[in-house]
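Reviewing the structure listed below.
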Amino acid sequence: MARGNAADDLAAAGSSPEKETSPDDATASRRFPIVDNVAAHPAGDRRSPQAPSDPLLPPCSPLLLAVDDDNAWPLDHRLIQRLSFPRTDSMEPYVQTETYDLENGGSLVFERDLYLVSERLERPPPRFHGVRIHDTPTGEQQWMITADLKGSSEPPVSERILFSFKACNWPDGLAHALQEGLARVCGQHIAALRGSRFAYFARHDTMGEPMALSSHPVLKIHVQHLDFMLHETRKELELTRVHNHRAQMTVAHHAEAIRMLAKDRKLLRLQRAKKDATIRRLREKIRTLEVTVRTQQDQIQEMEEDGEDIQGGDDFLSDDNDFEDDEFTDEEDYEFLEAAEDGIIPIDVDEDDE
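Sequence positions in the sequence shown follow our numbering and run 100 to 453.
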């Protein structure tokens with residue numbers, strides 16, 4: 100499969116084909132793919148490219164620098180498909196995706212060998228995708244890296260290789276994906292690669308586990324040992340990353356609990372202060388009322404000593420017979436008459452004739 104023309108790729112990327120680009124310039128632009136313009140280094144300058152001012156970008160890592168600039172392929176700009184949403188005023192996280200296609204050429208570590216072995220096996224150029232995720236409680240961002248190595252639909256037919264993993268940043272995750280993809284391709288096509296230099300490359304099965312290698316005439320099984328150590332180191336790093344993530348979750352949970360307890364404590368203190376103020380106000384009112392009661396009792400006692408019956412006794416109180424009618428007798432009508440010697444009062448009564 101022919102590699103794309105460098106001038107066409109440069110024109111598609113918005114660059115002039117007549118402008119020469121040094122290897123370090125191209126490496127720097129790929130090392131920080133979300134930055135459009137990176138300060139160019141002169142040819143032969145072995146300094147690592149400086150990181151831009153974006154605080155979200157990781158520090159420069161020598162892992163993705165070109166390992167052999169003298170024998171590198173013609174470099175061109177990488178066509179990076181990017182989808183990014185700028186931050187808002189509230190500094191909310193945004194989603195960013197990256198795509199790396201070996202069909203456009205480049206000089207990243209493991210890239211040349213992966214492209215050559217794919218071309219030898221008549222496999223389509225691999226593609227790698229990265230999505231920045233925001234799954235840590237402390238706000239640290241991680242990348243989900245996905246490698247898609249499509250198989251050949253024409254004889255000889257080869258199976259598709261698809262795997263994904265998490266990485267701390269896009270450049271280091273891309274290097275990991277390139278090495279893992281190369282090892283899985285070599286592990287899937289052992290017979291087809293026999294007799295070539297790829298027969299002595301590290302091999303991984305479909306689960307990413309190291310496989311036995313052919314003994315190299317000079318290095319023997321040294322490559323197999325190195326691949327085993329690399330695999331074990333990556334497993335330890337992954338366990339460390341998971342442990343660190345869990346520790347961050349625990350710390351964040353404890354911090355949230357402490358914040359809630361502090362908030363509740365502050366609220367309880369405010370409620371206690373309000374209740375204490377209410378108690379003090381009521382106690383002051385009680386003392387005032389007690390003074391008023393004592394003053395009125397002293398006034399009552401002074402008036403009683405002066406002979407004034409303030410309470411009035413029972414003179415103005417009703418008795419139980421107030422509701423009955425008064426009974427009148429005839430004796431009251433004749434009390435003004437003088438009685439006879441025998442005590443009988445004569446009364447003239449006109450008798451009506453019947």
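For glycine and all other residues, C-beta sits at the position ideal for the given N, C-alpha and C.
No experiment lies behind these values; they were computed from the predicted model shown.
Which one or two residues does DSSP pair with residue i in a beta bridge?
i, result
"residue 263", "245"
"residue 197", "229"
"residue 309", "303"
Counting along the chain, where does the alpha helix (DSSP H) carrying residue i start and finish?
i, result
"residue 202", "Careful: residue 202 lies outside any alpha helix (DSSP H) and carries neither H nor E."
"residue 284", "269-287"
"residue 375", "321-404"
"residue 216", "210-219"
With a CB to CB cut of under 6 angstroms and the five nearest residues on each side skipped, what residues in its chain are close to residue i?
i, result
"residue 288", "220"
"residue 284", "216"
"residue 453", "A caution first: residue 453 carries a pLDDT of 45, below 50, which makes its placement in the model too unreliable to give a value."
"residue 100", "Because the pLDDT of residue 100 is 42, which lies under 50, any placement of that residue in the model is unreliable, and the number read from its coordinates should be weighed accordingly. 218."
"residue 251", "221, 222 and 257"
"residue 247", "226 and 261"
"residue 327", "309"
"residue 249", "223 and 259"
"residue 286", "302, 303, 304 and 310"
Looking at the unbroken beta strand (DSSP E) that takes in residue i, where does it start and where does it end?
i, result
"residue 232", "226-232"
Could you work out which residue in the options is closest to residue i when comparing CA atoms only?
i, options, result
"residue 240", "229, 246, 249 and 248", "229"
"residue 258", "270, 277, 269 and 223", "223"
"residue 42", "254, 262, 251 and 386", "One cannot answer for residue 42 here, as it falls past the ends of the chain, which runs 100 to 453."
"residue 298", "307, 305, 315 and 211", "315"
"residue 306", "260, 208 and 373", "260"
"residue 210", "253, 270, 196 and 256", "270"
"residue 231", "352, 248, 195 and 384", "195"
"residue 330", "304, 345, 384 and 247", "304"
Tell me which same chain residues have a C-beta within less than 8 angstroms of the C-beta of residue i, skipping the five on either side of it?
i, result
"residue 275", "244, 264, 266 and 333"
"residue 169", "Since pLDDT at residue 169 reaches only 40, below the 50 mark, its modelled position is unreliable, and the value read off the structure follows with that caveat. There are no such residues."
"residue 323", "301, 309, 311 and 312"
"residue 296", "none"
"residue 340", "265 and 267"
"residue 319", "none"
"residue 81", "Since the first and last residues shown for the chain are 100 and 453, residue 81 lies out of range."
"residue 321", "315"
"residue 365", "none"
Could you pull out every residue in the same chain whose Cβ sits closer than 7 angstroms to the Cβ of residue i, ignoring the five residues on either side in sequence?
i, result
"residue 214", "201 and 224"
"residue 278", "209"
"residue 272", "229, 242, 244 and 266"
"residue 160", "In this prediction, residue 160 has a pLDDT of 39, which is less than 50 and means its spatial position is unreliable; what the coordinates show is noted afterwards. Result list for residue 160: 270 and 271, in chain order."
"residue 317", "none"
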